[in-house]
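Here numbering that gives the first Met the number 0 is used: position 30 in the sequence shown is 29, and no number is missing along the way. For glycine and all other residues, C-beta sits at the position ideal for the given N, C-alpha and C.
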Amino acid sequence: MAHKISSDCISCGSCESQCPVNAIVKGESIYTINAETCVDCGACVSACPVNAISSE
Ligand code: SF4
Ligand code: SF4
């Protein structure tokens, strides 16, 4: 399992720098998390102003 970014993402970019393994990348409309790279550390969750990041 990995963390996921929902469609609530407003592409603010706050989470990107929080990820120790650079699993968060800017997509076409929202940011996404590379499930194969994400180590489920949870560091990105609190960085999101709209609570768009959750673990599944
Ligand atoms: S849970 Fe950790 S490893 Fe996964 S995307 Fe968030 S900051 Fe990166
Ligand atoms: S912090 Fe939240 S709103 Fe900002 S880019 Fe990341 S997922 Fe999207």
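Check whether the Cβ atoms of I9 and A51 lie closer than 9 Å to each other.
Locating residue 9 in the sequence shown gives position 10, where the first residue counts as 1. Locating residue 51 in the sequence shown gives position 52, where the first residue counts as 1. A contact, by the Cβ cut-off of 9 Å.
Look at the alpha carbon of G12 and the alpha carbon of I32, and state the distance between them as a whole number of angstroms.
Start at 1 with the first residue of the sequence shown, and residue 12 comes out as number 13. Start at 1 with the first residue of the sequence shown, and residue 32 comes out as number 33. Their Cα atoms are separated by approximately 12 Å.
Return the first residue and the last residue of the beta strand (DSSP E) that A32 is part of.
Here residue 32 corresponds to residue number 33 of the sequence shown, with the count starting at 1. Checking the displayed sequence, the identity of residue 32 turns out to be Ile instead of Ala. Segment Y30 to I32, the beta strand (DSSP E) holding I32.
Do S6 and S53 have their C-beta atoms closer together than 9 Å?
Sequence index remark: in the sequence shown, residue 6 carries index 7 (1-based). Sequence index remark: in the sequence shown, residue 53 carries index 54 (1-based). No, Cβ-Cβ distance for S6 and S53 is not below 9 Å.
Along the beta strand (DSSP E) that carries V24, what are the first and last residues, could you check?
Locating residue 24 in the sequence shown gives position 25, counting from the first residue. From DSSP, the beta strand (DSSP E) with V24 extends over I23 to K25.
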